[in-house]
Amino acid sequence: MPILSEPLPLTNLSLWQQTTFAAALLERMLPNYQIFSQAVDFGDFKLLRNQLDLVWQRLSQGKIKINFSVQLEKLEDEIPDVDNYDFFGVYPALDTCMALGSLLQGMQDKDDETIANVSLLSQSSVSYYLEILLASELEQQDDIVINQLDIEQHPLMLWEIASQKELFELIKHSNESQQTCQQLKALALSEGLSNLGIEL
Numbered sequence: 000m001p002i003l004s005e006p007l008p009l010t011n012l013s014l015w016q017q018t019t020f021a022a023a024l025l026e027r028m029l030p031n032y033q034i035f036s037q038a039v040d041f042g043d044f045k046l047l048r049n050q051l052d053l054v055w056q057r058l059s060q061g062k063i064k065i066n067f068s069v070q071l072e073k074l075e076d077e078i079p080d081v082d083n084y085d086f087f088g089v090y091p092a093l094d095t096c097m098a099l100g101s102l103l104q105g106m107q108d109k110d111d112e113t114i115a116n117v118s119l120l121s122q123s124s125v126s127y128y129l130e131i132l133l134a135s136e137l138e139q140q141d142d143i144v145i146n147q148l149d150i151e152q153h154p155l156m157l158w159e160i161a162s163q164k165e166l167f168e169l170i171k172h173s174n175e176s177q178q179t180c181q182q183l184k185a186l187a188l189s190e191g192l193s194n195l196g197i198e199l
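The end of the sequence shown is residue 199 by numbering that gives the first Met the number 0, with every number in the run present.
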């Protein structure tokens with residue numbers, strides 16, 4: 000999986016900043032689940048949307064209490080089984096569920112490593128999508144070996160890395176506030192696209 004040439008020093012952020020960064024990344028992943036859900040009539044997108052909204056409320060207001068165990072149990076029912084679908088969309092949908100689960104679990108445990116998984120899962124979604132895309136483009140040719148560099152230098156992956164860096168730069172200079180949450184969420188959605196380039 001492509002990684003940032005210099006991994007973001009997320010541990011330099013406070014736990015609140017790390018959580019807000021992860022929530023912003025999930026805003027870019029959530030539409031992938033919605034499209035999958037609509038295409039195959041599986042899962043409750045609104046439940047995932049509401050869970051992420053709860054996270055934002057907790058981050059911006061602080062006093063909001065979340066029963067993480069209950070929310071994680073609810074999320075479990077919305078996770079698709081990749082063996083049941085012959086449709087690429089199941090993979091980014093699964094990544095979205097795993098990322099949201101990591102965020103909720105990390106908040107419950109106050110564990111920055113678990114929260115950091117969201118960043119890796121977002122990159123992984125883009126990487127696998129590009130593998131499928133490039134394989135499709137090359138299937139008419141004899142040589143369909145996909146070079147890792149082709150993925151890392153693809154505009155969509157470059158955009159993913161740039162987006163994560165931009166969100167990181169904003170959050171590391173921001174204080175814990177409702178305004179910061181609004182700014183980060185707005186930045187994540189500013190392009191009007193999911194992390195796979197799907198229009199919102």
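In this text, a Cβ means the ideal position worked out from N, Cα and C, and glycines have one as well.
Selection from the options that minimises the alpha carbon distance to residue i
i, options, result
"residue 120", "186, 170, 194 and 184", "194"
"residue 104", "82, 70 and 162", "70"
"residue 41", "8, 53, 77 and 86", "77"
"residue 159", "196, 45, 35 and 183", "196"
"residue 39", "16, 155, 81 and 188", "81"
"residue 6", "66, 16 and 167", "167"
"residue 65", "107, 100, 30 and 74", "107"
"residue 53", "102, 85 and 175", "102"
"residue 61", "186, 189 and 180", "180"
"residue 187", "175, 163, 174 and 96", "163"
"residue 189", "123, 165, 138 and 173", "165"
"residue 79", "73, 96 and 13", "96"
"residue 14", "72, 182 and 170", "170"
"residue 202", "30, 72, 153 and 130", "Only positions 0 to 199 of the chain appear in this structure, which leaves residue 202 out of reach."
"residue 123", "109, 74, 147 and 84", "147"
"residue 73", "85, 46, 84 and 86", "46"
Extent of the continuous alpha helix (DSSP H) run through residue i
i, result
"residue 24", "14–39"
"residue 128", "111–137"
"residue 171", "154–171"
"residue 91", "89–108"
"residue 59", "44–60"
"residue 151", "147–151"
"residue 67", "67–75"
"residue 184", "177–188"
Cβ-based burial, residue i [other Cβ within 10 Å; buried from 16]
i, result
"residue 94", "buried"
"residue 198", "exposed"
"residue 50", "buried"
"residue 157", "exposed"
"residue 134", "exposed"
"residue 1", "Confidence at residue 1 is low in this model, with a pLDDT of 45, below 50, so the placement of that residue should be treated as unreliable; the coordinate-derived value is given next. The residue in question, residue 1, is buried, as its Cβ has 16 or more Cβ neighbours within 10 Å."
"residue 8", "exposed"
"residue 88", "buried"
"residue 10", "exposed"
"residue 19", "buried"
"residue 161", "exposed"
Contacts around residue i, its chain only, beta-carbon distance under 8 Å, and the 5 residues preceding and following it disregarded
i, result
"residue 56", "63"
"residue 98", "21, 24, 25, 28, 116, 117, 120 and 121"
"residue 184", "22, 23, 26 and 55"
"residue 145", "130, 133, 134 and 137"
Residues near residue i by beta carbon distance below 6 Å, same chain, minus five either side
i, result
"residue 177", "59"
"residue 127", "90"
"residue 67", "103 and 107"
Residues near residue i by beta carbon distance below 7 Å, same chain, minus five either side
i, result
"residue 149", "133"
"residue 44", "32, 33 and 36"
"residue 125", "155, 156, 159, 194 and 195"
"residue 114", "17, 18, 21, 101, 102 and 105"
"residue 191", "198 and 199"
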